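Residue numbers (the working numbering), protein chains in the order written: chain C, 2 to 231; chain U, 12 to 805.
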Amino acid sequence: MNAETIMRTSYIIVAAFYCFLSGVSPSGASEPYGKQQEQATDLGKTLGILVEKASAFQTLKTDFVQEKEMAMFRDKLVIAGRIYLRKPSTIAWHVDSPLKYSVLITDTRIRQWDEDTNKTQELSLKKNPVFRNVLNQLSVWFSGDYRSLLETHDAVIVQKKPIVIEFVPKENALTKKIIKSITLTFRKDETYLKQIRIREVSGDVTTIIFKNTVLNIPLDGSNFEVRGHV
Amino acid sequence: MFDRYFLLLHEFVQTHKRVVLITVVLMTVLAGIGLHFITFDSNIDVMLPHEQGIHRSIRFLRDSKLSDKVVVSLSLTTSGKNKKELVRAVDQLAASLNPPLVSTVTTGVSLPGIMDDDFFFAYAPQVLDQHDLSRIDGWINEDGVSTRLQRIYRQMLRPEGIFMGSLSRSDPLGIRMLLLGKMKKLSAASGYDVTVDNGYFLSLDGGHALMILETPVLMTDGPGCRKLVAYLKEKVEVLPDVVSADFIGGHFHTLSNEKVIKRDIGLAIAVASFAFLLLFIVVFRDLRIILVFLIPVVAVILSINLSTFLTGTLSYVVIGLGTVIAGISVDYGIHVYIAARRGGNVPLAIRHAAKFLSVCALTTIVGFSVLFFSQVQGYHQLSFFSILSVIISVILAFFVLPHALSWEQASFIFHPAFTDRLERLYSPKRIHVIVWALLTLAAAFFAVQVRFDVDITRLDGSEPAVFKAEENFSKVWGGQQGDQAIFVATGATFEEALEKNEGVYREAKRAVGEDRFSTLSMVLPSDETREENRARWNHFWKSGREERLRKLIQDIGPRYHFTERAFSPFFDNLTAPGNSRKADTILAHFRKQFVQKRADGYQILSFFPDTREDSDAMSAISEHYPGTFLVSRRALSRAISDVTAREVKLLASIALLFVAVLILVFFRSFAEALIALTPVVTSILWLFAFMTVFGLTLNVVNMVAGIVTIGLVLDYGIGMTYEYRHDMKAGTIIAVSLSALTTLIGTGVLLVADHPALFSIGVTLVISISAGYLTSILVVPSLCSYILPLRQHG
């Protein structure tokens, strides 16, 4: 009977919107992928080169230092650690100081551990939309799919040698209220990032500096182990 | 009196033979042309009782905005492709769908600002209630604040901390999580796994996208559905090969049911026509028998036109019974033909047969007429259509057929050996009665165990592809936890409906559980409640808690390197009015999904699992709130089952009473009437017994077939009792046997039908007619011989 189909269809529709309510997050943007504006040829070419070079690596290991200049903290917050990446979408983020912390991010779940609690926690990304969206963004930066940033950001080449590109969230992007700009600085050989700088609307600035980056290095399971990684 | 009028009419037709024949041919041709302009109703809803609760649910679903939507699930078919390809396909499809067939396309939702401070500070005071404030109060102490500040500090070290700084500054206690918790409850209760990615509805793995289409095409509009479905399929065909589409919507069921029924009808007509012709030509070896075959064809064609003209519409299910009606109405022609070919005085033989056939036609008409006492519109249509067919067939058989044939060279058609065999079969035998009595006794034991299937979805004859699409959808998007029922709260104004809904929600939380009842009131209380909540929020903070929290943060904050003004955005906005305009915009968006505006006011829809317990609990709540009602498949099925059971009892009683009176008047003997009724009682008992033994069930459609059977099988009983009384021998036996055979052909062809409604009608009729026929020729003569004295030509 059609009554059942109507009820089912209507519920699917309402459910879709329910899920939107729970899935809302500060990241992401509303501009459809397909409606993106054509970028300047120059930018397109540059990003094309960068994406091609980034596509040459399948694994990555890098140390990082993250500096956060935030109005809420008295001093600059400096975080040091390592990142391991295996394409397409497995990232391990290990923080060594000021507090030991590890998180393994995959397509569907995250697994994290911290020194304070010494507990390992596993979360489904399905149930953590905030995480999911943030991690999607990280995944784009770390894995080198820079072109997809153009779907939600306007971009300009700030410097050509070494390449520095500034991404500004588009007008109706959800991140527009939080992020003023994201500046990516590439290594001289253009194979990977040297630095990411995120300027927030509030004036806070986060800088992630990548050091000792090694591409296509053999990685084993221990690199992606979150508990007792130190 | 019968003889007088019969002769008058007979002579009139004979005098105007040419005009009458030309008129019949002309009317048939016109009616044949008319068939091409008739649209039939393929909706099974027409077979449902017009009871208030059922009608309200069906009307709600029809009139609601819900029924004009189609959900599309696009899937990547190649693993190497990513979601960019998928959303490009979504955009491509969305851009290609236009009015008039598709009015709106929703590919996702984009609502910037729901996490913004101005929305948070405007919305939280309105929606957080006493219980929430008590929880917040429990956090405003040294331990609570320390835990929360430590959590913020740790969060800043994590990847997500890159984006969370501003949010944490305006919400040190994590009050946003209380709001998100309320929203999450809606999501959890839904059971569907839809995520929103860059404004698109996507599955978690990014391999599937969801689109919602609104269309002005009604689900009941068969031609409209055909156009819509063809249009959607055409648009999907040009999508890249890496993307496939599944559609969910009532329109697909309507069209598919129509397609299946049409195919079934076509097949049934072809098989029945072939079988009729073959039977007639083999048995009668006379090409003129084609005219007998044409009688029901002409009758059905004329009846379809007349019924549609007079009743406005005809259901496909009714048309699907066309072969059954043909099988019934061909009998009159057969009887007249046999009477004429038995030799002797042809007009007299026809007149004798006509007398008996008139009673048979009358019982059949009575059988169908009782359906007018039903509340089911489809039964009325069936009744009207069938009665017309029978009347037209009778007229054609009595007055046109004899004049269309020349009987001068007629000779008796059956070989004496054949009639001898039939007579031997017919000869009264004690063993027939004993076997019949034993079998019927056993049948009675099983008959009382027959089950009535309340699940009307099993009569949905949509093709496997439609169900497959729904199965695929469930696999991707979830929702396998079972059907959902809708609770509807109405009000002349939105506020009135919202207040009612809020009251229902309070009770539903206790009755079915907060996690099982998804409602707008979770995230949007009424104006009055929001005002109360706002006042309570302000009082909560202004009565010392704000100061206490400031002090605690001041003392504990330095442990985690926070500055004194780290959380000033929170305190600066805590009791400020907030940006109510933005809040209103976002709340209006929530409303859109749950609220329907109608001419007489507003309806707020809430959802809960469609279990018996929950439906009962919500029904009880509904009784306390006038203007609220449930739309539940389970409750709907139950109501249909109850009403149908009541109806069947009523209709069967009326039918039996009518036919009993009729045959009493006809036979003027209680014993003969009782014997004539034996096949009817036997067929009902055997039908129910067969159904029980073979795991078949009664339903709203085959019940009516059972009632119609009363009128058909009674004819056999009357025929054989009448035959015994008048000692007519082989002529009647052959006629009854042929009648049964033709009716069995007409009903038996429905056994090849794919549509469950037609198939169940076929099964019911084949079993009951077979049982009734066998009882008539094997048992009735024996009963007559033991009970009745033989009367010669009474």
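All C-beta atoms in this analysis are idealised placements derived from N, C-alpha and C, irrespective of residue type, glycine included.
What you are looking at is a predicted structure, and each value in this text was computed from that prediction instead of being measured.
In the three-state reduction of the DSSP assignment, C:R87 falls in the strand class, which pools E and B. The Cβ neighbour count for U:M194, taken over all protein chains shown within 10 Å, is at least 16; the residue is labelled buried.
The C-alpha of U:A522 is placed about 47 Å away from the C-alpha of U:R570. Of the other Cβ atoms in all chains shown, 16 or more fall within 10 Å of the Cβ of U:T374; this residue is therefore buried. Within the stretch 201-217 of chain U, the residues whose Cβ lies closer than 8 Å to some Cβ of chain C are S201, G202, Y203, D204, V205, T206, V207, D208, N209, G210, Y211, F212, L215, D216, listed in chain order. Interface residue (Cβ-Cβ distance to chain U less than 7 Å): C:W94 is classified as such. Contact annotation for C:D205 against chain U: G176 [CB-CB distance below 7 Å, chain order].
For U:R180, a Cβ of chain C is located within less than 7 Å of the residue's own Cβ.
Assignment of C:L61 by DSSP, reduced to helix, strand and coil, places it in the strand class.
For the C-beta of C:D115, the chain U residues within less than 7 Å are, from N- to C-terminus, R165.
Where C:V215 is concerned, the enclosing beta strand (DSSP E) starts and stops at 206-216.
Residues of chain C with a Cβ closer than 8 Å to the Cβ of U:H572 are, in chain order, F74, R75, D76, L78. In this chain, C:K161 is not harboured by any beta strand (DSSP E), its DSSP state being neither H nor E. Under the Cβ distance rule, U:I173 counts among the residues neighbouring chain C, one pair being separated by less than 7 Å. For C:W114, the beta-bridge partners assigned by DSSP are C:S103, C:T121. In this structure, the straight-line span from the alpha carbon of C:E226 to that of C:L126 is close to 18 Å. A distance below 7 Å separates the beta carbons of U:A220 and U:L97.
Bounds of any beta strand (DSSP E) do not take in U:I665; it lies within the alpha helix (DSSP H) bounded by 644-678. In its own chain, leaving out the 5 sequence neighbours on each side, no residue places its CB closer than 6 Å to the CB of U:S145. For U:A283, the closest Cβ of chain C is not nearer than 7 Å.
Neighbours of U:L168 in chain C, taken as residues whose beta carbon is under 7 Å from its own, are I80, V96, L100, Y102 in chain order. Between U:D526 and chain C, the shortest Cβ-Cβ separation is not below 7 Å. The C-beta of U:A646 has 16 or more other C-beta atoms within 10 Å across all chains shown, which makes the residue buried. The beta-carbon of C:V135 is placed less than 7 Å from the nearest beta-carbon of chain U.
Taken in chain order, the complete beta strand (DSSP E) segments of 3 or more residues contained in the stretch 239-324 of chain U are 254-259. Listed along chain U is no residue with a C-beta nearer than 7 Å to that of C:I166; the closest approach is about 18 Å.
The distance from the Cβ of U:V329 to that of U:V760 is about 16 Å, inconsistent with a contact at the 8 Å cut-off. For U:A577, at least one C-beta of chain C is nearer than 7 Å to its own C-beta. At least 7 Å separates the CB of U:D625 from every CB of chain C. Around U:D127, the beta-carbon contacts reaching into chain C at under 7 Å are K178. Looking from the CA of U:S284, the closest CA among U:L755, U:S793, U:S779 belongs to U:L755. Interface flag for C:L139 against chain U is set, since a Cβ pair is found closer than 7 Å.
Taking the Cα positions, U:G728 is about 20 Å away from U:A337. Secondary structure within the stretch 465-550 of chain U: the alpha helix (DSSP H) runs of 4 or more consecutive residues, fully enclosed, are 475-488, 505-522 (chain order). In chain U, no part has a C-beta under 9 Å from the C-beta of C:T208; the shortest such distance is about 11 Å.
Apart from the 5 residues on each side of it in sequence, U:V24 sits with its Cβ closer than 8 Å to the Cβ of V31, F410, V411, H414 in its chain, given in chain order.
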